[in-house]
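Notes for the one structure printed next.
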Amino acid sequence: MRILVTGGAGFIGSAYVRRLLHRTPAPSAPAAGPLEVTVLDALTYAGRRDNLTGLLGDPRLTFVEGDIGDAALVRRLLPGHDHLVHFAAESHVDRSIEDAGAFVRTNVLGTQVLLDAAVRAGTAVFVQVSTDEVYGSIAEGAWTEDQPLAPNSPYAASKAAADLLALAHHRTHGLDVRVTRCPNNYGPRQYPEKIIPLFVSRLLAGRTVPLYGEGAQIREWLHVDDHCLGVDLARTKGRPGRVYHLGGGTELSNRELTLRLLAACGAPEDRITLVPDRKGHDHRYALDWTRSRTELGYRPVHAFPQGLAATVEWYRGHPGWREQGAGDRRSQDRRSSDRRSLEPQSLERQSSEQQSFDRQSSEGQSSERRAWDRRSSEPRSSEREPSERRSWDRLSAEQQSLDPRSGEPEEPEAQQEDSPRPGRTDSP
Ligand SMILES: NC(=O)c1ccc[n+]([C@@H]2O[C@H](COP(=O)([O-])OP(=O)(O)OC[C@H]3O[C@@H](n4cnc5c(N)ncnc54)[C@H](O)[C@@H]3O)[C@@H](O)[C@H]2O)c1
């Protein structure tokens, strides 16, 4: 069983890869043969190779640094994989309000490239990982999977477009597409621009937290490992052309969540700074997840109080993580400094990557694979093939355009604390 995971260096994708490598053979059918996982990730500001720490030495894992929008790369990479699980996305609503371009390129066009390649390659199962935000906002009750899509933010619109394209490829080409939709995730390794890692980072640094409006918006919180459980059940037990809601989290207003984070960090209530509400802010999302419970046997297992406490402790224990830029130009700086720091990889990992390559070679993989694997440990653009280089260069340009302040000097710390920032948010 060979599985391609896009966005596997991000928050949820890396948890999913960890699950696959730790939990196999269950729930993958033993009859499907030994597991091999390929991660395809462009390592944008939100993706880190560090998120796969402890896994990169696993000979079953191959890491490919590349853009899902690079059709030539995807068409070469995908054949030979049985399943594709698609997490890669631009995922932050506030960034989509600033500039929706990258969201359309990655979430819509990138998904279309993957779907097209999957049809060509005869990929057996394509899992499209999506969000409850595609339905818009609901005052009470919960959406079933038949609810028409009515997204409000550019992020949600790009995810809705991707879902519809995926389902259209099922209807038109017979591709076995399964779409999963879930609420807000929490857990370790989330980039500190989303509410939990952002607020914990600021509170532990003795700073205030910027809460939108009065904090009245209601969100459901699902542990990232429960989400990954549901995605894998959809992959292994789902039906073609079906949408599955992976709910069962805990509903809280943003103010209630903030109070819990203050308590977990031992911070007083006057650390809350109310800031003007997000444009077009959805009030509430809610999923009816009866289908995934009855058809897939899905049931989340993480209790929110313990899960949140463990999450806060993880961020407390990873000060380096907390110091990443929260939606500011340090994101761009970090991207290059990460690559520098990752180039001299440990000999152990390089040799395991080599073993992984050698094993694939001996199984008849093309020599192109060698270039991808080498690039994942030594990203030097001069060595890349033209299409890969274009993709890389475009990605860097996008990264700069994402940040309207990228050419400006960094603000003094005190101003960052008190002014509303693109990094503040209450939902992905
Ligand atoms: N975080 C949530 O609460 C949440 C909730 C519902 C659904 N989702 C969905 O789950 C998926 C994963 O979300 P996340 O929170 O892990 O996101 P993330 O932003 O943490 O990670 C996204 C990953 O995709 C990679 N990526 C971005 N553009 C790419 C491109 N063009 N080519 C290849 N890789 C690219 C990034 O480098 C990163 O590793 C997304 O599709 C998102 O819409 C997330």
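Just so we're aligned: the sequence shown equals residues 1 to 428 in UniProt numbering.
We treat Cβ as the ideally placed atom computed from N, Cα and C, and that holds for glycine.
No experiment lies behind these values; they were computed from the predicted model shown.
- Remark: the shortest separation between the CB of L43 and any heavy atom of ligand 1 falls under 6 angstroms.
- The residue among A267, L175, L229 with its C-alpha nearest the C-alpha of R207 is A267.
- Using a cutoff of 6 angstroms, the CB of G47 counts as near ligand 1, since one of the ligand's heavy atoms is closer than that.
- DSSP places P154 within a helical segment (H, G or I) once states are collapsed to three.
- For T311, the shortest C-beta to heavy atom distance toward ligand 1 is 6 angstroms or greater.
- Rounded to whole angstroms, the Cβ separation of L52 and A9 is 6 angstroms, and the two are in contact under 8 angstroms.
- Taken from the Cβ of I68, at least one heavy atom of ligand 1 lies inside 6 angstroms.
- Counting other Cβ atoms within 10 Å of its Cβ, E313 stays below 16 and is therefore classed as exposed.
- Short note on N184: C-beta closer than 6 angstroms to some heavy atom of ligand 1.
- Rounded to the nearest whole angstrom, the C-alpha separation of E65 and L77 is 11 angstroms.
- By the C-beta density criterion, A205 is exposed, having fewer than 16 other C-beta atoms within 10 angstroms.
- Taking G307 as reference, the option from A46, D99, S153, P188 with the minimal CA-CA separation is P188.
- With respect to S96, S137 sits apart: the two C-beta atoms are not nearer than 7 angstroms.
- In this structure, the straight-line span from the alpha carbon of V177 to that of L4 is close to 14 angstroms.
- When secondary structure is reduced to three states using DSSP, S130 falls in the strand class.
- With contacts defined by Cβ atoms closer than 7 angstroms, L246 and H227 form a contacting pair.
- The shortest C-alpha to C-alpha distance from R260 to any of R75, P305, G7 is the one to P305.
- A residue is called buried once 16 or more other Cβ atoms fall within 10 Å of its Cβ, and L274, having fewer, is exposed.
- C182 is bridged by DSSP to T131.
- When Cβ pairs closer than 8 angstroms are counted between the two stretches, the stretch 183-197 is seen not to touch the stretch 139-150, the count staying below three.
- The beta carbon of F199 sits closer than 6 angstroms to the beta carbons of V209, L261 from its chain, once the five residues preceding and following it are set aside; these are given in chain order.
- Nearest neighbour of D70 by Cα position, chosen from D116, L35, L56, A100, turns out to be D116.
- Residue side-chain check: I3 keeps its Cβ at 6 angstroms or more from all non-hydrogen atoms of ligand 1.
- In the structure shown, L52 falls within a helical segment according to DSSP collapsed to helix, strand and coil.
- Distance from the CA of H170 to the CA of I68, rounded to the nearest whole angstrom, comes to 20 angstroms.
- Cβ neighbours of A118 within its own chain (closer than 8 angstroms, five residues either side excluded): L78, L84, F126, H169, L175.
- The Cβ neighbour count for A303, taken over all protein chains shown within 10 Å, is under 16; the residue is labelled exposed.
- DSSP lists E65 as the beta-bridge partner residues of D41.
- Cβ neighbours of V108 within its own chain (closer than 8 angstroms, five residues either side excluded): S158, A161, A162, L165.
- Only buried fits T258, as 16 or more other CB atoms lie within 10 angstroms of its CB.
- When only Cα atoms are considered, L203 and T123 end up about 46 angstroms apart.
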